[in-house]
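What follows is a short report on a single structure.
2 protein chains.
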Amino acid sequence: MNRRDMLKMSAATLAGALEPAAFAEKNSPQTNAISIEQWGLFEVILKGSSAGNPFKDVSLSAEFTREHRTVKVKGFYDGDGIYRVRFMPDMTGDWVYRTTSSSSALNGQTGRFTCAPATSGNHGPVTTAHRYHFVHADGTPYFPFGTTTYAFLFTKDENAANSLAGMKGLFNKSRVCVLPKPIGQGPQILPFPYSGGDANGRHGTSDYTRFNPEYFQLIEKRIMQLQAAGVEADCILFHPYDAWGYKAMPNEVDDFYLRYVVARLSAFRNVWWAIANEYDLVKAKTMSDWDRFFRIVQEEDPYGHLRSIHHSGVIYDHSKPWCTHASLQSYDFEKSSERRLAWNKPIVYDEIQYEGDVERRWGNLSAEEMTRRFWLATVRGSYASHGEVFLSAENGPHAHESSWSDAGRLRGESAPRIKFLHDLVTKCTKVGLNEFEGSYYLSAGTPNELYLWYFDYHRPARYTFPLPNTANFEAALIDPFEMKETKLTGTFSGKSRIELPNRPFQAIVFHKVSNVTGKPKGESPTPEVMD
Amino acid sequence: MNRRDMLKMSAATLAGALEPAAFAEKNSPQTNAISIEQWGLFEVILKGSSAGNPFKDVSLSAEFTREHRTVKVKGFYDGDGIYRVRFMPDMTGDWVYRTTSSSSALNGQTGRFTCAPATSGNHGPVTTAHRYHFVHADGTPYFPFGTTTYAFLFTKDENAANSLAGMKGLFNKSRVCVLPKPIGQGPQILPFPYSGGDANGRHGTSDYTRFNPEYFQLIEKRIMQLQAAGVEADCILFHPYDAWGYKAMPNEVDDFYLRYVVARLSAFRNVWWAIANEYDLVKAKTMSDWDRFFRIVQEEDPYGHLRSIHHSGVIYDHSKPWCTHASLQSYDFEKSSERRLAWNKPIVYDEIQYEGDVERRWGNLSAEEMTRRFWLATVRGSYASHGEVFLSAENGPHAHESSWSDAGRLRGESAPRIKFLHDLVTKCTKVGLNEFEGSYYLSAGTPNELYLWYFDYHRPARYTFPLPNTANFEAALIDPFEMKETKLTGTFSGKSRIELPNRPFQAIVFHKVSNVTGKPKGESPTPEVMD
């Protein structure tokens, strides 16, 4: 991607104001009044020297000030003598900035812009809230119902377009690798200069003293596409699926890479940091490396984007203070309660095996089982992520495409069911669901307000629901796979015996519609029936 | 049941020879040559005094001798001045006996009989074999595919008839309570004399110094019905479902009861001893009581029938030497391997929840889930038991019947699927299935001979089976719920890639049909694909 494309891309956020203001003025103070929306991306673009190794030799930062508050952010070299400092303003009003650089041509540059209210659909970055849940910066609840598209950021456009089409409207987060993984279709664009590679782009030599800006420009374009589609980019910084040596770089290169990535990406409001995928399969690194990466990301990111790390077999100690939430690979949802207590943070089961039909045992769930696992995660007060991998991608007209979980066409049938559950949760709560521990059947909600029961493999023909007798509730039977909600006639209060469909994997939801006035009638709420 | 019925019943085993020989001769030496089949029930019937309390005051035993071998067995008082000594001969040939008693009228009685070969369908009692499995005394493999009919032994005839009709041909073991549980239809026949009970037969007083022989005669009739139907009677000696105080009798009454039951029942070849059901819910007893009960049963039973104990929440230490196999209430089949190592005994998951539709969470599995659990138990090298409880029993024309798991009509749909699996196992092995630990997907069998894979929720569209390349195998796809076996064309050897149905809960079985002669062709067996 060339610079012009980058500016066009930024223009989506900057309302067309970036190029004339921050770049066209060529390192002199800005005079035009630029407007950028809250949590948009403001960019200072400076022309400097391309001599030597600007990635290493030139320091650049800027202080952005609004009244008595100053935020310091790092800039980066983007090739061709272009330097950038990106900033995501979190408050409306007038901001000024001043650059600091080891290069006199970049030093002391100043400017100003006005931060306008966020436009529709922009709710700001996501952060943790209510102890076990998430929220956007503007207070809009955010419930992660995400998927997995590892190669989305660097795959070819056709795959990315298919992937984006599949995600849009169905998922609101995707797990994406920042470093490339081999796609299996010849040489790929790479983040470091690479020489001497064979016909498959392997066995060459990386120059770890410099970056390939085009690689990162591509990634940024894709992150903006996700943003436009309402998808949080859960950016995986390291992973073991490597063909070029990136999983075993020297410590100083790891840190150099991390600082560069954070300087480039942290002003994108939809970025989350996943320090690694399956960190424990990256054998060249130790726990102290992973902890250091967390600290570097935390130090370098002025916005405090969400930070976690995803394991294969050995769960990271998510109670560590730099980790904002848990990102698990498992489907033992029954441990959610003890994990919440141990870590005091939201839990996302980011890999619960994949819908599909491949040989590997992690990749051949039915849509029914995938749907079931989302429900189990949800009524345990946690979250889950989707993944999909079908053999059928190997045959037929789309054989040249990669599978969904790299980046490709959505083939499975669980996605709309997951969206159905997402919509239900959104309709039910502004906070997030918490499990009612000790509930006879699995249930979650808010005491006296909302009760969502999920029966999993159980299929009682009737059940006496222990509702409180201080409120009246409306009820609806839910068929999670058929995506049907059937409202029951009347209201319910206190112990309520209700006929249920004689099928497994059904649910029911109770919403409070009014208080019971005066002395509650009927029976008092009693403990649920015990075995 | 009166004495005449009892004799008629015994006659089924004794070929009509018991009455004239052992009873009609009236306490004088036998002269007629009686023939009884191996593992049949021979009975010495003696007329004695009914004065005082013969249950307590009169000791009676007999020594049965065949050449240099003597087996000592206890007799019991059966009411109306009738005393009995029962014996199950385990070898063909001529046996003689002599009684010993504290009553001179019963002492020194002698007789003889000939033990003939077992008739068709009589394979003798079941014992453990091959470390983790079972076998009949004649060497016929026995794979427990049982069910649960708690009240079968003492319920009314209609329920018992329904129960028996449902079991016959489908199940080969049933868990039955020896002490009564309340059936909820007024006063019941009870094992001890009972006085002063109310309209429901409750709140009266038991005379724990005597037994009610009619109760035990009824039980024995039912055990014989099970035997005739090919069903092992897994006799539960204590349980917590009590309405009369039997779960909290004094120690000496417990022991008195145990010795009486073992004297009466141990000569029935289809008896197993379950010391208790949900022992840990019987709060009046301690672990030392349960251990003592095991030892008493072991001492009193000359035939060494199988002995176990069934828990609710706290698993008994099945490694104790008097326990022959594990009888578990759980469905965490993945722990079977460690349990086998810890206990070195067969494992039967005797309660894996029930097929049905009731409110209680243990009682509303779908037939699909029940079938699945049997398969999981099987490929883990263990066994499972069925149970069923439907609300529909509460309504409609059969509302007066009890549910299947007490004793009633079979309503569910898992039973034929369980039978299908039983038949498959019987066809596959003479020993029993052992799990191939570390198998990529669950599988069991015998190395180089038999491989049974079960895919559970996985649905790979194909899989490369790591067969040994030293033999040729035939293969059949199995749909456990549809009860279909589809033979694949040709034979397979070494790594064999096979297309599979794109559905969860499928299986495949490979039988060796020949050795590969000469140098095996194709690839060597390799480790299965790893995650």
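Protein sequence lines, in the order shown, are assigned to chains A and B.
Those letters in the first sequence? Residues 0 to 530, per numbering that gives the first Met the number 0, in order.
Those letters in the second sequence? Residues 0 to 530, per numbering that gives the first Met the number 0, in order.
Beta carbons: idealized from backbone N, C-alpha and C, even for Gly.
Judging by CA-CA distance, which residue of 182/A, 239/A and 151/A is the nearest neighbour of residue 279/A?
239/A
Nearest to residue 273/B by alpha carbon, out of 334/B, 304/B, 263/B and 246/B?
304/B
What is the DSSP secondary structure of residue 135/A, counted as helix, strand or coil?
strand
Quick check on this structure: which residue in 430/B, 254/B and 69/B has the alpha carbon closest to the alpha carbon of residue 446/B?
430/B
DSSP state of residue 177/A mapped onto helix, strand, coil
coil
Cutoff 6 Å; reference residue 513/B; Cβ partners in own chain excluding five residues on either side:
471
Which residues of chain B have a Cβ atom closer than 8 Å to the Cβ of residue 368/A, listed in chain order?
456 and 503
Rounded separation between residue 370/A and residue 311/B - CA only:
32 Å
Can you tell me whether residue 67/B is buried or exposed, with buried defined as 16 or more other CB within 10 angstroms of its CB?
Flag for residue 67/B reads exposed.
Which residues in the same chain have their Cβ closer than 6 Å to the Cβ of residue 232/B, if we skip the five residues on either side of it in sequence?
175, 222, 225, 269 and 270
Check whether the stretch 276 to 294 of chain B and the stretch 103 to 123 of chain B are in contact - that is, three or more C-beta pairs closer than 8 Å.
no
Going along the stretch 435 to 464 of chain A in order, which residues come within less than 9 Å of chain B, judged by CB to CB distance?
439, 440, 454, 456, 457, 458, 459, 460, 461, 462 and 463
Does the CB of residue 484/B have a neighbour CB from chain A at under 8 Å?
no
List, in chain order, every chain A residue whose beta-carbon is nearer than 9 Å to that of residue 357/B.
459, 460 and 461
Quick one: does residue 360/A have its CB under 8 Å from some CB of chain B?
yes
Closer than 8 Å is the cut-off here; do at least three beta carbon pairs connect the stretch 450 to 458 of chain A with the stretch 357 to 369 of chain B?
Contact holds: three or more Cβ-Cβ distances are below 8 Å.
What do you get for residue 323/A, buried or exposed, if any count of 16 or more other CB atoms within 10 angstroms of its CB means buried?
buried
Output the distance between the C-alpha atoms of residue 22/B and residue 45/B, rounded to the nearest integer angstrom.
Since pLDDT at residue 22/B reaches only 34, below the 50 mark, its modelled position is unreliable, and the value read off the structure follows with that caveat. About 6 Å.
Return the residue from the list 388/A, 372/A and 118/A that minimises the CA-CA distance to residue 359/A.
Comparing Cα-Cα distances from residue 359/A to each of 388/A, 372/A and 118/A, the minimum goes to 388/A.
Would residue 116/A be called buried (16 or more neighbouring beta carbons within 10 Å of its own) or exposed?
exposed
Counting Cβ pairs, one atom from each stretch, are 3 or more of them under 8 Å apart for the stretch 150 to 167 of chain A and the stretch 119 to 126 of chain A?
Verdict: no, contact absent.
I want to see whether chain A comes within less than 8 Å of residue 59/B, judged by CB atoms only; does it?
no
Tell me which same chain residues have a C-beta within less than 6 Å of the C-beta of residue 424/B, skipping the five on either side of it?
142
List the residues of chain B whose Cβ lies closer than 7 Å to the Cβ of residue 363/A, in chain order.
457, 458 and 459
Determine whether the Cβ of residue 390/A lies closer than 8 Å to any Cβ atom of chain B.
yes
Work out the CA separation of residue 129/B and residue 165/A for me, nearest whole Å.
55 Å
Would you identify the three-state DSSP class for residue 253/A, choosing helix, strand or coil?
helix
Would residue 466/A pass as a contact of residue 500/A if the rule is Cβ separation under 8 Å?
Taking 8 Å as the Cβ cut-off, residue 466/A and residue 500/A do not qualify as a contacting pair.
For the 8 Å Cβ check, are there 3 or more pairs between the stretch 320 to 336 of chain A and the stretch 403 to 422 of chain A?
no
When burial is assigned at 16 or more other CB atoms within 10 Å of the CB, is residue 3/B buried or exposed?
The predicted position of residue 3/B is uncertain, since its pLDDT is 38 and thus under 50; no value can be drawn from it.
Just verifying my parser: in three-state terms, what is the DSSP assignment at residue 474/B?
strand
Among the candidates 205/A, 206/A, 187/A and 191/A, whose CA atom is the shortest distance from the CA of residue 198/A?
187/A
Which word fits residue 172/A, buried or exposed, when buried means at least 16 other C-beta atoms lie within 10 angstroms of its C-beta?
buried
Residue 378/A and residue 264/A: beta carbons closer than 8 Å?
no
Beta-carbon gap between residue 207/A and residue 134/A smaller than 8 Å
no
Terminal residues of the beta strand (DSSP E) in which residue 514/B lies:
506 to 514
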